[in-house]
Amino acid sequence: MLIEKLSRSCPDISMIYVMIRSQKDKSPENLLDEMLEDPLYDRIKKEVPYFHKKIIPIIGDFNIKDFGLSESDRNMLIKKVNVIFHIAADMQFYENLKISTIVNNDATATIIKLAQDMSHHLKSFIHVSTIYSNCHVKHIEERIYSYPINHKHLITFARNLPENIFEEKISKFSSQWPNTYTFTKAISEGLFKNKHGRPFGIFRPAMVISSASEPLIGWIDNMYGPSDFARSLLLGIIRFHRCNGTYKANIVPVDFTVNALIASAWDVDQHGHTDNVLVYNFVPPVDGPTWNEYIHALLDINKIYPLRNAIYLPLMTLFKHKIPYRFCVWFGHFLPALLLDAASICIGRSPSMWKLYMKVDKFCKAIEPFCNTEWTYSIDNVQSMWDHLKKEDKQLFNFNMMEFNWTEYLINHYQGMRLYRLNENDSMLKVSRMKYTRFYWIHQIIKTIFFFIIFWIIWFMFREMFYVYYFSNLFIFCLVGGTGFLGKMLIEKLLRSCPDISMIYVMIRSQKDKSPENLLDEMLEDPVSNTLTISKHNIFVNHCYINLYNPQLYDRIKKEVPYFRKKIIPIIGDCNIKDLGLSESDRNMLINKVKIIFHIATNMQFYENLKISTIVNVDATATIIKLAQDMSHHLKSFIHVSTIYSNCHVKHIEERIYSYPINHKHLITFARNLPENIFEEKISKISSQWPNTYTFTKAISEGLFKSEDASRFGIFRPAMVISSASEPLIGWIDNMYSGLSGFARSLLLGIVRFHHCNGAYKANIVPVDFTVNALIASAYDVRSQYWYDQFYDLYYCNYKNMRNNEYIRINIMCSKKIVLKNKYIYYNTGCPEPTEYLGKYALLRKMFQTNIAMMYLMMLAV
1 MLIEKLSRSC PDISMIYVMI RSQKDKSPEN LLDEMLEDPL YDRIKKEVPY FHKKIIPIIG
61 DFNIKDFGLS ESDRNMLIKK VNVIFHIAAD MQFYENLKIS TIVNNDATAT IIKLAQDMSH
121 HLKSFIHVST IYSNCHVKHI EERIYSYPIN HKHLITFARN LPENIFEEKI SKFSSQWPNT
181 YTFTKAISEG LFKNKHGRPF GIFRPAMVIS SASEPLIGWI DNMYGPSDFA RSLLLGIIRF
241 HRCNGTYKAN IVPVDFTVNA LIASAWDVDQ HGHTDNVLVY NFVPPVDGPT WNEYIHALLD
301 INKIYPLRNA IYLPLMTLFK HKIPYRFCVW FGHFLPALLL DAASICIGRS PSMWKLYMKV
361 DKFCKAIEPF CNTEWTYSID NVQSMWDHLK KEDKQLFNFN MMEFNWTEYL INHYQGMRLY
421 RLNENDSMLK VSRMKYTRFY WIHQIIKTIF FFIIFWIIWF MFREMFYVYY FSNLFIFCLV
481 GGTGFLGKML IEKLLRSCPD ISMIYVMIRS QKDKSPENLL DEMLEDPVSN TLTISKHNIF
541 VNHCYINLYN PQLYDRIKKE VPYFRKKIIP IIGDCNIKDL GLSESDRNML INKVKIIFHI
601 ATNMQFYENL KISTIVNVDA TATIIKLAQD MSHHLKSFIH VSTIYSNCHV KHIEERIYSY
661 PINHKHLITF ARNLPENIFE EKISKISSQW PNTYTFTKAI SEGLFKSEDA SRFGIFRPAM
721 VISSASEPLI GWIDNMYSGL SGFARSLLLG IVRFHHCNGA YKANIVPVDF TVNALIASAY
781 DVRSQYWYDQ FYDLYYCNYK NMRNNEYIRI NIMCSKKIVL KNKYIYYNTG CPEPTEYLGK
841 YALLRKMFQT NIAMMYLMML AV
């Protein structure tokens, strides 16, 4: 471009000597003629037909000492040359440091020496560097900087030291620069540091790309830097790059650069022999395109003028951070390359994609530093040079970019690459567009499949965060209190609804005549009842149902999950014994394996001895918390089952831990060490706010969690739990000794006929199957929302809240129908035989009616 511009715009130039490396099979003249066949010279061939006669090739090689110049050529240059442009450089970013030093530093030193021999008639010597030669500073001024190693020492080391020793010795100096090119170009500038009083100048262009207007629009003959990146992008090779898209793409057109270069030689001559070497920073103005604008402009034009040789749909995602970028490179560049190479091998072709992407990756790493850093520049010398040009020269050598049309230029830049470097023209457009459309739909399909796979992987890995089912299937459970009413239902529900559960450890109290396995087998044969529905109040009618069948709680799971029993492991333990009476091996096994704990065990006797209730409900809970703390590296959830009445001393019960009048540690210590009467006397004034020992000790047990890690612990407070609503059997219940179930039994047997109760108040009851479902969900919720304190108050909350009098009425109503229609009693523990029961019921009914009648008559008499 410089030769063309000088020859066309300055036709009176006497001679241009061009240094060319020799080749064995071609003479310098032949090499020059080949260069002049480029379309770049079509215009000058018309305007200045004999320009080539002024271009004289000189054989020289920068890798050879003194360029290998013959004595005659050297003397000719010294006598005749007035202006020197030193443009040659090794631009390979990762070139061997020794080679780069010889080409970029030693050769520059040789040319300076040659220029000094021309001192009597030399007008100007311009050394072309790069704006990135001083990229180790943020603001680049138009001056020569100081560098950590003297150029003479560097050249001496390069000439005399072995390659490995040289690189090891220099690496500590070159670490401030991203590559050998910028480092050696910086040191080459240092060669001019003390060249005072000589017509020397340094020209630092930004990244030079295709021409804007002359002699051809969009002309380019190499694909370095941004042009190489653009080619890889438009061919569909590069799809990801680490780059801050908001930073300026530091690009300048080659014709503007050459104009500024010629003007700088003139400006050096105008300044004469100055004390300091003039430096020119030629960079785009502040309104130049950003990387985002540069890339999007190319992609937009590519949609209209796609490339026939593209291997995929051109697209680009920029990353600021390294980790996501490298992830996408591996899965978006290297993995497809491996798959394509594997396919090539299978069909007998030579694999090439892996090697291609290794080169591409190396190139991307090389340009990363220039895409992720933004510099500021001083351009005083360039601006002053422009201001001093005459109007005619400004038109002829225009390099002012203040009003440059970047949109039009980037279109021309794309078309220039397409035409001059990729050898594609408009005659290929029809095929190119068909190929582009095909790539577009292939990309959409691949993208859909990819996102589906990613979504599936995320869902599979974190499905326990989204679904209770998958959450439960992943872990090993421990149930303390698994043989009680709630525990039996919990075991059945977990193993039936989450059949992939690894194991459930159930703590069981030992008995002298039965092994834990026998006790567990007996529990799994527990009798229940399956019934039909005859009322809109399903929960409560089923609660009282009787049927002719007598199935078991675990009958359904035995059919659906035949081998569920193998997953239930009994562990001998007793809440009345210190440390639960666990053996060391059992304790270690639980610590190493268990991920989720449900602590259900409790002493529910309302008027139990306070000491016993404290040991079972408080001390045992403290022991289990300690056990859970030892599982901290893998414990996911610990749910402590309390009761909604643990805080019955307040009217509005919130989902939080309350403060209690005695510390749990003190209560446990007193229970363990004080005699029973003294203990009860000491605690009675504290527990007076609670109606019984059960609710008091359950409240204190909640206080144990006050200072625990909220990310793993939760407290579940159910209301009064009664029979199941729907699963696994309708109306199942296994005890009638406490709460409303005990009250209902006494009522239905005719034992209780009067009760101190406000019938208008709510009957605070919940079905056991709903309770268990909420209990499992609470463990999931603790795991999923680990940054909150977790409390779960479960109570009956239908729109038709049942009141106490309604509950009693429905029980009595159902008892009449069931006794008349069915043969067997629903719950047959401690009850008379059916025929005996029917007789007693009829007798009691007759007696009741007789008494009413007599009372009625007596009232009438009164």
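Residue numbering for the sequence shown follows the UniProt record's numbering, beginning at 1 and increasing consecutively.
Don't be surprised by glycine CBs; every beta carbon is placed ideally from N, CA and C.
All of these numbers come straight from a predicted model, not from anything done at the bench.
Beta-carbon proximity of M19 to K54, cut-off 8 Å:
Along the sequence shown, one-based indexing puts residue 19 at 19. Along the sequence shown, one-based indexing puts residue 54 at 54. One thing to note: M19 has its Cβ no nearer than 8 Å to the Cβ of K54.
Alpha carbons only, please: which of T110, L318, I808, I149 is nearest the one belonging to A744?
Position 744 of the sequence shown, counted from the start, is the residue given in the question as residue 744. Minimum Cα distance to A744 is reached at I808.
Return yes when the Cβ of I571 is within less than 8 Å of the Cβ of V506, no when it is not.
In the sequence shown, counting from the first residue as 1, residue 506 sits at position 506. In the sequence shown, counting from the first residue as 1, residue 571 sits at position 571. Yes; because the gap between Cβ atoms is below 8 Å, this pair is in contact.
With a CB to CB cut of under 6 Å and the five nearest residues on each side skipped, what residues in its chain are close to R556?
Counted from its first residue, the sequence shown places residue 556 at position 556. Only P728 meet the Cβ criterion.
With three or more C-beta pairs closer than 8 Å as the rule, is the region 254-265 touching the region 333-348?
Taking a cut-off of 8 Å on C-beta distances, the region 333-348 does not touch the region 254-265, as fewer than three cross pairs fall below it.
Give every residue of the same chain whose Cβ lies closer than 8 Å to the Cβ of K435, excluding the five residues on either side of it in the sequence, and list them in chain order.
Translated into positions along the sequence shown, residue 435 becomes position 435. Close CB contacts of K435 within its chain, under the 8 Å cut and outside five residues either way in sequence, are with P306, R308, A310 (chain order).
What number of angstroms, rounded off, separates the C-alpha of K359 from the C-alpha of N592?
Locating residue 359 in the sequence shown gives position 359, counting from the first residue. Locating residue 592 in the sequence shown gives position 592, counting from the first residue. Here the C-alpha atom of K359 lies approximately 49 Å from the C-alpha atom of N592.
What residues in its chain sit with their C-beta under 7 Å from that of P767, if we drop five residues either side in the sequence?
Working through the sequence shown from its first residue, we reach residue 767 at position 767. Excluding the 5 residues flanking it on each side, P767 has same chain C-beta neighbours closer than 7 Å at I539, I722, S723, S724, A725, in chain order.
Would you say the region 84-101 touches the region 33-50, given that touching needs at least three Cβ pairs under 8 Å?
The answer is no - the region 33-50 does not touch the region 84-101, with fewer than three Cβ pairs under 8 Å.
Nearest-angstrom Cβ-Cβ length linking S227 and I220, presumed shorter than 8 Å
Your numbering for residue 227 matches position 227 in the sequence shown. Your numbering for residue 220 matches position 220 in the sequence shown. Distance from S227 to I220 at the Cβ level is roughly 6 Å; contact confirmed, criterion being Cβ atoms closer than 8 Å.
Find out if the Cβ-Cβ distance for the pair C135, W177 is shorter than 8 Å.
By 1-based counting over the sequence shown, the position of residue 135 is 135. By 1-based counting over the sequence shown, the position of residue 177 is 177. Contact annotation: C135 and W177 have beta-carbon atoms nearer than 8 Å.
So what's G703 in DSSP terms, helix, strand or just coil?
The residue you call residue 703 lines up with position 703 of the sequence shown. In the structure shown, the three-state DSSP call for G703 is helix.
Looking at C-beta atoms only, is the number of pairs between the region 177-196 and the region 119-139 that lie closer than 8 Å three or more?
Cβ pair count under 8 Å is three or more, so yes.
Along the chain, where does the alpha helix (DSSP H) that runs through L667 open and close?
Counting from one through the sequence shown, the residue named residue 667 turns up at place 667. Here the alpha helix (DSSP H) through L667 covers 664-673.
What are the start and end residues of the beta strand (DSSP E) that includes S146?
The count along the sequence shown starts at 1 and reaches residue 146 at position 146. Note, S146: premise wrong, no beta strand (DSSP E); not H, not E.
Bridge partners - Q511, DSSP secondary structure assignment
Working through the sequence shown from its first residue, we reach residue 511 at position 511. For Q511, which the question treats as bridged, DSSP gives the partners K514.
Report yes or no: do the region 192-205 and the region 260-267 share at least 3 C-beta pairs separated by less than 8 Å?
The region 192-205 makes contact with the region 260-267: 3 or more CB pairs, one atom from each, lie closer than 8 Å.
Inspect the beta-carbon positions of R239 and L315 and report whether they are closer than 8 Å.
Position 239 of the sequence shown, counted from the first residue, corresponds to residue 239. Position 315 of the sequence shown, counted from the first residue, corresponds to residue 315. A contact, by the Cβ cut-off of 8 Å.
Closest residue to K611 among E492, I84, L667 (Cα-Cα distance):
Stepping through the sequence shown from its first residue, residue 611 is reached at position 611. The shortest C-alpha to C-alpha distance from K611 to any of E492, I84, L667 is the one to L667.
Using 8 Å as the threshold, is the region 674-685 in touch with the region 602-619, meaning 3 or more CB pairs across them?
The region 674-685 makes contact with the region 602-619; the number of CB pairs closer than 8 Å reaches 3 or more.
Contact between the region 646-659 and the region 694-709 (3+ Cβ pairs under 8 Å)
Yes, they touch.
Mind checking if I237 is an interface residue toward chain D, Cβ cutoff 8 Å exclusive?
Of the protein chains in this structure there is only one, and it is not chain D.
Leaving aside the five residues before and after M353 along the sequence, list all residues of the same chain whose C-beta is less than 6 Å from its C-beta, in chain order.
The count along the sequence shown starts at 1 and reaches residue 353 at position 353. Closer than 6 Å at the Cβ level, and outside the excluded window around M353, lie A337, L340, D341.
Using a Cβ-Cβ cut-off of 7 Å (strictly less than) and excluding sequence neighbours within five positions of M428, which residues of its own chain qualify?
Within the sequence shown, residue 428 is the residue found at index 428, counting from 1. If we look at M428 and ignore the five residues flanking it on each side, its Cβ neighbours are R308.
By the 10 Å Cβ neighbour count, where 16 or more other Cβ atoms means buried, how is V286 classified, buried or exposed?
Translated into the one-based positions of the sequence shown, residue 286 becomes position 286. With fewer than 16 other Cβ atoms within 10 Å, it is exposed.
Let me know the secondary structure DSSP gives F363 once reduced to three states.
Counting from 1 along the sequence shown, the entry for residue 363 is found at position 363. In the three-state DSSP reduction, F363 falls in the helix class (H, G or I).
Is S171 helix, strand or coil when you go by DSSP?
By 1-based counting over the sequence shown, the position of residue 171 is 171. Looking at S171 - three-state DSSP - the assignment turns out to be helix.
Residues in its own chain within less than 6 Å of F716 by CB, not counting five upstream and five downstream?
Taking the first residue of the sequence shown as position 1, residue 716 is located at position 716. Within the same chain, F716 has close Cβ partners I639, V641, L775, S778, Y792.
With H, G and I counted as helix, E and B as strand and the rest as coil, what does DSSP make of L191?
Stepping through the sequence shown from its first residue, residue 191 is reached at position 191. In the three-state reduction of the DSSP assignment, L191 falls in the coil class, being assigned neither a helical nor a strand state.
According to DSSP, which residues form a beta bridge with Y377?
Stepping through the sequence shown from its first residue, residue 377 is reached at position 377. I140, per the DSSP bridge assignment.
Looking at the strands, I want to know which residues DSSP matches up with P253.
The sequence position of residue 253 within the sequence shown is 253, counting from 1. Looking at the DSSP assignment, P253 forms a beta bridge with I209.
Inter-residue spacing [alpha-carbon to alpha-carbon] between M523 and N588:
Along the sequence shown, read from residue 1 onward, the residue named residue 523 stands at position 523. Along the sequence shown, read from residue 1 onward, the residue named residue 588 stands at position 588. Rounded to the nearest angstrom, the two C-alpha atoms are 26 Å apart.
Distance between F173 and F319 (C-alpha atoms, nearest Å)
Start at 1 with the first residue of the sequence shown, and residue 319 comes out as number 319. Start at 1 with the first residue of the sequence shown, and residue 173 comes out as number 173. Approximately 30 Å, taken between the alpha carbons.
Verify the contact flag: I657, CB atom, against every heavy atom of the ligand COA, threshold strictly below 7 Å.
This structure does not include the ligand COA; it has no bound ligands of any sort.
Give a yes or no on whether the C-beta atoms belonging to I187 and H151 are separated by under 8 Å.
Along the sequence shown, read from residue 1 onward, the residue named residue 187 stands at position 187. Along the sequence shown, read from residue 1 onward, the residue named residue 151 stands at position 151. At a Cβ-Cβ threshold of 8 Å, I187 and H151 count as neighbours.
Terminal residues of the beta strand (DSSP E) in which L278 lies:
The sequence position of residue 278 within the sequence shown is 278, counting from 1. Annotation: the continuous beta strand (DSSP E) that includes L278 extends over 278-282.
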